[in-house]
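Peer 1: According to the numbering used here, numbering within the sequence shown proceeds without interruption in unit steps and concludes at 366. We put the CB at the ideal spot given by N, CA and C, even for glycine. So that we are looking at the same thing, I have put the structure below in structure tokens.
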Amino acid sequence: NIMILFGPPGAGKGTHGPKIEDLLGIPALSTGDMLRAAVSAGTEVGKKAKAVMASGGLVSDEIVVGIIRDRIKEEDCKHGFILDGFPRTLAQTKALDKMLAEEGACVTKVIELEVPDSVLEERITGRWIHKKSGRSYHVKYAPPKSMKTDASGKPIPESMTDDATGEALMQRPDDTAKALTKRLAGYHNETVPILKHYEPSGIVKAVNANQGMNGVWDEILAALKRGS
Ligand code: AP5
Ligand code: ZN
Numbered sequence: 139n140i141m142i143l144f145g146p147p148g149a150g151k152g153t154h155g156p157k158i159e160d161l162l163g164i165p166a167l168s169t170g171d172m173l174r175a176a177v178s179a180g181t182e183v184g185k186k187a188k189a190v191m192a193s194g195g196l197v198s199d200e201i202v203v204g205i206i207r208d209r210i211k212e213e214d215c216k217h218g219f220i221l222d223g224f225p226r227t228l229a230q231t232k233a234l235d236k237m238l239a240e241e242g243a244c245v246t247k248v249i250e251l252e253v254p255d256s257v258l259e260e261r262i263t264g265r266w267i268h269k270k271s272g273r274s275y276h277v278k279y280a281p282p283k284s285m286k287t288d289a290s291g292k293p294i295p296e297s298m299t300d301d302a303t304g305e306a307l308m309q310r311p312d313d314t315a316k317a318l319t320k321r322l323a324g325y326h327n328e329t330v331p332i333l334k335h336y337e338p339s340g341i342v343k344a345v346n347a348n349q350g351m352n353g354v355w356d357e358i359l360a361a362l363k364r365g366s
């Protein structure tokens, strides 16, 4: 089971990846989460990635391929894994195929979360994350239990805490309308074309991600059962 969760910024990859992880018992690997952890830790990779990520650009293929190559060698990936946010370019796609082929494996399913660009700004600008776990919340669609709002209905930042740990939530530096425009351009120009690479093998399953989260999850469950 080697699965790719595919979709634009705000499609719901990080929302549903951990649920598939729980369901199938294979880890969800988000290159975005791994890069944010590297930025926080101030590693060499983090220093190189920080500004590129904040502006909404793509980190170099060399860096992300290296991160994934190391990660999928770990014990918990032996029975498969779910990729969130990788591959994102044709070069990454080819590098992935090559490293999997060396182990006699290949990508078995691509779940494509389809959402029109027009709904993504509200999802992105309303998102708050718990950095350590990667859990994401939304001021309107998935508020933390602790959320309090001021008279104008805006969330009070101090009240935004993680349901499980009570730790503070934060907003991502790239979750601005400006950086989103750049992230979406990257998605359409560099990432969407890689679907063509997987379509001939019939493993791409499209899901309507422009509906409530429960509806999306039901369609993902159906897509997991469909085909291979
Ligand atoms: P990454 O962290 O992967 O960001 P992204 O691809 O832009 O995706 P997001 O995390 O924004 O969206 P998501 O689909 O996970 O949405 P979520 O479920 O949280 O990458 C960040 C950066 O790292 C990149 O820009 C790049 O610089 C770098 N990078 C990472 N991988 C790379 C690679 N392979 N190559 C090069 N560079 C790389 O949902 C969003 C919000 O909407 C949440 O608030 C959620 O609660 C809400 N929501 C979710 N579903 C619904 C729904 N159905 N209805 C209403 N609200 C919903
Ligand atoms: Zn994400």
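1) Mind checking who residue 273 pairs with in its DSSP beta bridge?
2) Among all the DSSP beta bridges, which residues are the ones paired with residue 251?
3) Measuring from the CB of residue 324, is there a heavy atom of the ligand AP5 at a distance below 8 angstroms?
4) Note down, in chain order, each residue of its chain lying with its Cβ closer than 7 angstroms to the Cβ of residue 149, except the 5 sequence neighbours on either side.
5) What first and last residue would you give for the alpha helix (DSSP H) that runs through residue 206?
6) Could you tell me the alpha carbon to alpha carbon distance between residue 166 and residue 334, rounded to whole angstroms?
7) Taking the Cβ atom as the reference point for each residue, do residue 310 and residue 265 lie within a distance shorter than 9 angstroms?
8) If the criterion is Cβ atoms closer than 9 angstroms, does the pair residue 220 and residue 173 meet it?
9) Apply the 10 Å Cβ neighbour rule to residue 144 and answer buried if 16 or more other Cβ atoms are within range, or exposed otherwise.
10) Using the Cβ count rule (16 or more neighbours within 10 Å means buried), how would you classify residue 329?
11) Going by the DSSP bridge assignment, what does residue 376 pair with across the sheet?
12) What is the DSSP secondary structure of residue 256, reduced to helix, strand or coil?
13) Shortest alpha-carbon distance to residue 188 belongs to which of 181, 281, 177?
Peer 2: Taking the structure as given:
1) Taking the sequence shown and counting its residues from 1, the one referred to as residue 273 is at position 135. Paired residue(s): 268.
2) Start at 1 with the first residue of the sequence shown, and residue 251 comes out as number 113. Note: residue 251 is bridge-paired with 345 in the DSSP secondary-structure output.
3) Position 186 of the sequence shown, counted from the start, is the residue given in the question as residue 324. Look at residue 324: its beta carbon is less than 8 angstroms from one of the heavy atoms in the ligand AP5.
4) Position 11 of the sequence shown holds residue 149. Only 251, 253, 347 meet the Cβ criterion.
5) Counted from its first residue, the sequence shown places residue 206 at position 68. Where residue 206 is concerned, the enclosing alpha helix (DSSP H) stretches over 199-209.
6) Taking the sequence shown and counting its residues from 1, one reaches residue 166 at position 28. Taking the sequence shown and counting its residues from 1, one reaches residue 334 at position 196. Whole-angstrom Cα-Cα distance: 23 angstroms.
7) In the sequence shown, counting from the first residue as 1, residue 310 sits at position 172. In the sequence shown, counting from the first residue as 1, residue 265 sits at position 127. Yes; because the gap between Cβ atoms is below 9 angstroms, this pair is in contact.
8) Your numbering for residue 220 matches position 82 in the sequence shown. Your numbering for residue 173 matches position 35 in the sequence shown. In this structure, residue 173 does not lie closer than 9 angstroms to residue 220 by Cβ.
9) In the sequence shown, counting from the first residue as 1, residue 144 sits at position 6. Buried, because 16 or more other Cβ atoms sit within 10 Å of the Cβ of residue 144.
10) Walking along the sequence shown from the start, residue 329 turns up at place 191. Counting Cβ neighbours within 10 Å, residue 329 comes out buried, since at least 16 surround it.
11) The structure shown does not extend to residue 376, since the chain is modelled only from 139 to 366, so the question has no answer here.
12) Looking up residue 256 in the sequence shown gives position 118. Reduced to three states, the DSSP call for residue 256 is helix.
13) In the sequence shown, the residue the question calls residue 188 occupies position 50. Out of 181, 281, 177, 177 has the C-alpha closest to the C-alpha of residue 188.
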